[in-house]
Amino acid sequence: MGIKAIIVDTAGTTTDFQFIKEILSSYSKQAMAAFIAENRHDFAVSTLLDDVQELAGVEDLGDAELAQLLVDWIQDDSKATAVKGLQGLIWKQGYLAGEFKGHVYEDAARALKQWHSSGKRLYSFSSSSADAQELLFRHSNQGDLSGLFYGHFDTNMGQKTTAQAYKNILNTLSLRPKQVIFISDDIRELNAAREAGLNTQQIVREPGTHQGSHPVAESFQQIRL
Ligand SMILES: CSCCC(=O)C(=O)COP(=O)(O)O
1073 MGIKAIIVDT AGTTTDFQFI KEILSSYSKQ AMAAFIAENR HDFAVSTLLD DVQELAGVED
1133 LGDAELAQLL VDWIQDDSKA TAVKGLQGLI WKQGYLAGEF KGHVYEDAAR ALKQWHSSGK
1193 RLYSFSSSSA DAQELLFRHS NQGDLSGLFY GHFDTNMGQK TTAQAYKNIL NTLSLRPKQV
1253 IFISDDIREL NAAREAGLNT QQIVREPGTH QGSHPVAESF QQIRL
């Protein structure tokens, strides 16, 4: 039974952590206050801000307080779905204004193109929103890669370190677990995917930092499906 679908993690796998930390996170923190002031009454934004307040167990925060709360959570690398949703909307402004391009490793882009040409269905799975993932690949330093993907999964499927998230993804793909491979640098995510029955492949971009028992590659070019 061959591999029919490939799911890639983004941060540390297709994409450099430093880009996410130094460009994306910084941009969303700097832009948060102005974004809230300008978009507070937009339906999607106000719904996400309600979710943030519910998560924080507070009500009726002012714009400045909300912005500070979100900046603090981003600083703490929050993976909360509402935070990631707001970040995605802010990043959209940056991508569309040409303020930065999404970072994708060259070896990852090359492999994704090869796999797409050979008929595999490609997906990404990240803690960032599905829209943010689409933007990253559309406005990437390797060109527009968005057409290679069949879809993007986010934490609406569940947290990436839980087997349930991969079971939920499998349900939407209508494939058997062994027809799917998940590629990530993160051992906890790989363990969760393996628990759900998926094939796994670890990317270890820094030699010598390998842990765990998943097949390992130092770049996408070493991956044999
Ligand atoms: C689509 S690039 C932004 C990635 C991001 O915000 C993030 O938090 C990555 O987390 P992950 O759990 O997917 O490693």
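Heads up: the sequence shown is residues 1073 to 1297, going by our numbering.
All C-beta atoms in this analysis are idealised placements derived from N, C-alpha and C, irrespective of residue type, glycine included.
Problem set entry | Euclidean distance between Cα positions of Asn1243 and Tyr1167 | 32 Å
Exercise. What number of angstroms, rounded off, separates the C-alpha of Gly1129 from the C-alpha of Asp1122?
Worked result: 10 Å
Problem set entry | Residue from Arg1182, Glu1126, Asp1135 and Ser1201 whose Cα sits closest to the Cα of Ala1103 | Asp1135
Problem set entry | Identity of the residue in Ile1255, Tyr1222, Ala1106 and Gly1160 nearest Gln1294 by Cα | Ile1255
Exercise. Any contact of the region 1106-1125 with the region 1179-1193, i.e. 3+ C-beta pairs under 8 Å?
Worked result: no
For this session: Name the one or two DSSP bridge partners that Val1288 has.
Result: Gln1274
For this session: Compute the minimum distance between the beta carbon of Asn1237 and the heavy atoms of ligand 1, and state whether it is under 8 Å.
Result: It should be pointed out that residue 1237 corresponds to Ala in this sequence rather than to Asn. Result no, Cβ not under 8 Å from ligand 1.
For this session: Rank Glu1131, Glu1171 and Ile1079 by C-alpha distance to the C-alpha of Tyr1099 and give the top, closest one.
Result: Glu1171
For this session: Check the C-beta distance from Gly1157 over to Ser1199 and give it rounded, since I have them as a contact under 8 Å.
Result: Not confirmed; about 11 Å, so no contact.
For this session: Tell me whether the beta-carbon of Ala1077 lies closer than 9 Å to the beta-carbon of Leu1262.
Result: no
For this session: Compute the beta-carbon to beta-carbon distance between Trp1163 and Ala1152, rounded to the nearest angstrom, for a pair I have assumed lies under 8 Å.
Result: Between Ala1152 and Trp1163 the Cβ distance is about 16 Å, and since that is not below 8 Å, they are no contact.
Problem set entry | Simplified DSSP state of Thr1281, which is helix, strand or coil | coil
For this session: Kindly list the residues whose CB is nearer than 7 Å to the CB of Arg1210, restricted to its own chain and excluding five residues on each side of it in sequence; keep chain order.
Result: Asp1216 and Ser1218
Exercise. Shortest alpha-carbon distance to Arg1266 belongs to which of Lys1232, Leu1194, Glu1137 and Ile1108?
Worked result: Lys1232
Exercise. CB of Gly1157 to nearest heavy atom of ligand 1: below 8 Å?
Worked result: no
Problem set entry | Candidates Gln1186, Trp1187, Lys1185 and Gly1160, of which the one nearest Gly1174 by Cα | Gly1160
Exercise. What's the gap between the Cα of Leu1270 and the Cα of Glu1290?
Worked result: 20 Å
For this session: Closer than 8 Å by C-beta to Arg1112: which residues in its own chain qualify, once you throw out the five before and the five after it? Chain order, please.
Result: Ser1118, Leu1121 and Asp1135
Problem set entry | Contact check, Thr1087 vs Leu1208, beta carbons under 9 Å | yes
Exercise. Any heavy atom of ligand 1 within a distance shorter than 8 Å of the CB on Leu1096?
Worked result: yes
Problem set entry | Segment limits, alpha helix (DSSP H) that includes Ser1100 | Ser1098 to Asn1111
Exercise. What three-state label does DSSP hand Arg1193 in the structure shown?
Worked result: strand
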